[in-house]
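Residue numbers (this note's numbering): 19 to 253.
The C-beta atom is built at its ideal place from N, Cα and C for all residues, glycine as well.
The structure displayed is predicted, hence computed values, not measured ones.
For reference, the structure discussed in these notes is given below.
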Amino acid sequence: MDYKKYMALALEQAKIAYKNGDVPIGCVIVYNDKVIASAYNCRMKNKNVLHHSEIIAIDKACKNIGDWRLEDCTLFVTVEPCPMCAGAILQARFKEVVFGAKNEKAGCVGSIYNILQDDRFNHIVSVKEGVLEDECSFLMKSFFKDCRKRDIKTDLAKIPGVSKGIIKHFNSIGIYEIKDLVGKDAKKLYELECEKSGKKIEKTMLYIYKMAIYFAENSNVEKEKLNIKYWKNKV
Ligand SMILES: [Zn+2]
Numbered sequence: 019m020d021y022k023k024y025m026a027l028a029l030e031q032a033k034i035a036y037k038n039g040d041v042p043i044g045c046v047i048v049y050n051d052k053v054i055a056s057a058y059n060c061r062m063k064n065k066n067v068l069h070h071s072e073i074i075a076i077d078k079a080c081k082n083i084g085d086w087r088l089e090d091c092t093l094f095v096t097v098e099p100c101p102m103c104a105g106a107i108l109q110a111r112f113k114e115v116v117f118g119a120k121n122e123k124a125g126c127v128g129s130i131y132n133i134l135q136d137d138r139f140n141h142i143v144s145v146k147e148g149v150l151e152d153e154c155s156f157l158m159k160s161f162f163k164d165c166r167k168r169d170i171k172t173d174l175a176k177i178p179g180v181s182k183g184i185i186k187h188f189n190s191i192g193i194y195e196i197k198d199l200v201g202k203d204a205k206k207l208y209e210l211e212c213e214k215s216g217k218k219i220e221k222t223m224l225y226i227y228k229m230a231i232y233f234a235e236n237s238n239v240e241k242e243k244l245n246i247k248y249w250k251n252k253v
């Protein structure tokens, strides 16, 4: 079987999820060397926790084959399945699962646990990992990087007096998350900016201070982590 060919199709599905603002994971199910179902993650789009790409694809495949057993099928998914999807894969008695990138935080096909190959269950699914791994993992990393950029833009826009210029400035020096700006990191950034340019000191300092205060008052960030005293003395 041409693993790369089918994983490339799963990647195309993942890209649709990306465009929709969903975590970019895509899946195809293959039977007799033919794709019988394909799907992308729709959790955000459909506001439904069950709508992972694998679950939607399994649902389509069952309808297509007319059986709940998918024992002669191979499931391709761009990222290592979560416990819910690995459970559904086991229940459907798939012959084989092929995935691209590992999911060390939630994967249950080897990372945290291996639901598919525990011989206490009555079925074992063979597993092949790392097919088009770089492409699958790049898509995930780009997505989360975009999310962090969006987050800081939204966060900063809430603070009175923060211009588009300063948001651009933080993006340009690689500060995407508000937690990068508070506490120790803010102090480091301040010192770095002092070294870089005398002119920028006061302006940068003031913005960081404003952000620290704002987030101390408006977010769940613990106040002691914000190092407010330090900033008050500096302004
Ligand atoms: Zn899942």
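Would you mind sorting residue i into buried or exposed? The rule is 16 or more other CB atoms within 10 Å of its CB.
i	result
residue 255	The chain is shown from 19 up to 253; residue 255 falls before or after that span and cannot be answered.
residue 144	exposed
residue 242	Residue confidence for residue 242 is low, a pLDDT of 49 falling below 50, so the modelled location carries little weight; the figure read from the coordinates is stated next. When all chains shown are included, residue 242 counts as exposed.
residue 249	Unreliable placement is indicated for residue 249, whose pLDDT of 48 sits below 50; the coordinate value is still reported in the next sentence. Result: buried.
residue 60	buried
residue 162	exposed
residue 67	exposed
Taking the straight line between their C-alpha atoms, what separation do you get for residue i and residue j?
i	j	result
residue 90	residue 38	32 angstroms
residue 253	residue 63	Any reading at residue 253 must be qualified, since the residue scores a pLDDT of 46, below 50, and its modelled position is unreliable; the value itself is stated next. Cα-Cα distance, rounded: 45 angstroms.
residue 122	residue 132	12 angstroms
residue 140	residue 168	45 angstroms
residue 34	residue 42	8 angstroms
residue 142	residue 136	7 angstroms
residue 153	residue 160	11 angstroms
Between the beta-carbon of residue i and the beta-carbon of residue j, is there less than 8 angstroms?
i	j	result
residue 25	residue 149	yes
residue 57	residue 88	no
residue 54	residue 28	no
residue 112	residue 147	no
residue 48	residue 71	no
Just confirm the distance between the C-beta atoms of residue i and residue j, as a whole number of angstroms; I'd bet it's less than 8 angstroms.
i	j	result
residue 98	residue 127	5 angstroms
residue 93	residue 107	6 angstroms
residue 104	residue 155	With a Cβ gap of about 19 angstroms, residue 104 and residue 155 do not count as contacting.
residue 75	residue 45	4 angstroms
residue 157	residue 32	6 angstroms
- Query: Considering only residues of the region 33-60, which uninterrupted beta strand (DSSP E) runs meet the minimum length of 3 residues and lie entirely inside it, listed in chain order?
  - Reply: Whole beta strand (DSSP E) segments, 3+ residues: 44-49, 52-58.
- Message: To test your reading of the DSSP string, which unbroken beta strand (DSSP E) runs of 3 or more residues are found completely within the region 82-150?
- Response: Within the region 82-150, the complete beta strand (DSSP E) segments at least 3 residues long are 91-97, 114-119, 144-147, listed from N- to C-terminus.
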